[in-house]
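The structure appears right after this line, and notes come after that.
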Amino acid sequence: MAGHSKWANIQHRKGRQDEKRGAAFSKIAKEITVSAKMGGGDAAFNPRLRVAIDKGKAINMPKDKIDTAIKKGTGELEGVDYIEVRYEGYGIGGAAVMVDCLTDNKTRTVADVRHAFNKYGGNMGTDGCVAFQFKHCGQMLFAPGTDEGKLMDAAIEAGAEDVMTNDDGSIEVITGPGDYLAVKEALEAAGFKPEFGQVTMKAENETELSGDEGAKMQRLLDAIEALDDVQEVYTSVVIEE
230 MAGHSKWANI
240 QHRKGRQDEK
250 RGAAFSKIAK
260 EITVSAKMGG
270 GDAAFNPRLR
280 VAIDKGKAIN
290 MPKDKIDTAI
300 KKGTGELEGV
310 DYIEVRYEGY
320 GIGGAAVMVD
330 CLTDNKTRTV
340 ADVRHAFNKY
350 GGNMGTDGCV
360 AFQFKHCGQM
370 LFAPGTDEGK
380 LMDAAIEAGA
390 EDVMTNDDGS
400 IEVITGPGDY
410 LAVKEALEAA
420 GFKPEFGQVT
430 MKAENETELS
440 GDEGAKMQRL
450 LDAIEALDDV
460 QEVYTSVVIE
470 E
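Using the numbering used here, read the sequence shown as starting at 230 and increasing by one per residue.
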């Protein structure tokens, strides 16, 4: 999946996320709450919680918001009981889209997601219609100019599954989903800090869109991501600037 536009696309995505920081706080707080409820409030023994807290820290989420979300999950504070649901569908040009949600009302959420797909030129499909096109994994991206040989040696020693150099010079490290934190911490200890990292659903093949089609796809993705119940949107599309 190495592509020439990887770095530009990630930077573009990070910029859009920064613009929506308030909404991002709310979404990450939900994830922290659910993670704490499922695996306990001690991040040292709850990898999912550690990943969620890392996401919050990456966008400078205040510590008190993180602590409050954990306490809601552990029952120390009253909170909403969320359930996890995933919806799948197609965007412009048949691009695959998967939508992960946390909701207290599935009827509302499925209606909102379907409406966003329909309004912006996509269509929601059945369970499993695009899931096979994605791989559950940890993903880290390092800036162009990073020492490829040293990073590769450190990544392999840390237990990474794959290391790829993209055409734009950025380097991508792929891990098993359960190994993401350990590999990330090992690489940071070796002096390699990723510009971007997450446990994700990574598209096995990319669909490149540009011009009007790219703009339409971006509007579709923005509409879905803006929904309150949506936590993550995964897509096979790469939008060329």
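Even for Gly, the Cβ is constructed at its ideal location relative to N, Cα and C.
When DSSP labels each residue in this structure, what does residue i get in the three-state scheme?
i    : result
V394 : Reading off the sequence shown, one finds Thr at residue 394, where the question assumed Val. The answer is strand: DSSP assigns T394 an E or B state.
T464 : strand
M290 : coil
A325 : strand
V342 : helix
C330 : strand
V359 : coil
N347 : helix
T404 : strand
G388 : coil
Y409 : helix
G262 : Before going further, note that residue 262 is Thr rather than Gly in the sequence given. In this structure, T262 counts as helix in the three-state DSSP scheme.
G378 : helix
What are the start and end residues of the beta strand (DSSP E) that includes residue i?
i    : result
K431 : F425 to A432
K422 : From DSSP, K422 is part of no beta strand (DSSP E); its letter is neither H nor E.
Y319 : I312 to Y319
Mind checking if residue i is an interface residue toward chain D, Cβ cutoff 8 Å exclusive?
i    : result
K431 : No chain D is present in this structure, which holds just one protein chain.
Relative to the C-alpha of residue i, which residue among the options is closest?
i    : options                   : result
G405 : E386, L456 and Q368       : Q368
V263 : D396, G443, E307 and Y409 : E307
E313 : E469, D458, S465 and I468 : D458
Q447 : I468, K364, A372 and A389 : I468
G378 : G398, V359 and A360       : G398
K286 : G440, Q427 and M381       : Q427
What first and last residue would you give for the alpha helix (DSSP H) that runs through residue i?
i    : result
G440 : G440 to E454
L306 : Where L306 is concerned, there is no enclosing alpha helix (DSSP H), given that its DSSP letter is neither H nor E.
If residue i sits next to residue j, beta carbons under 8 Å apart, how far is it from one beta carbon to the other, in whole angstroms?
i    : j    : result
I299 : A265 : 5 Å
A455 : V412 : About 32 Å separates the two Cβ atoms, so there is no contact after all.
### Query
Taking contact to mean at least 3 C-beta pairs separated by less than 8 Å, is the segment 428-438 in contact with the segment 308-325?
yes
### Three or more C-beta pairs below 8 Å linking the segment 294-311 and the segment 410-430
no
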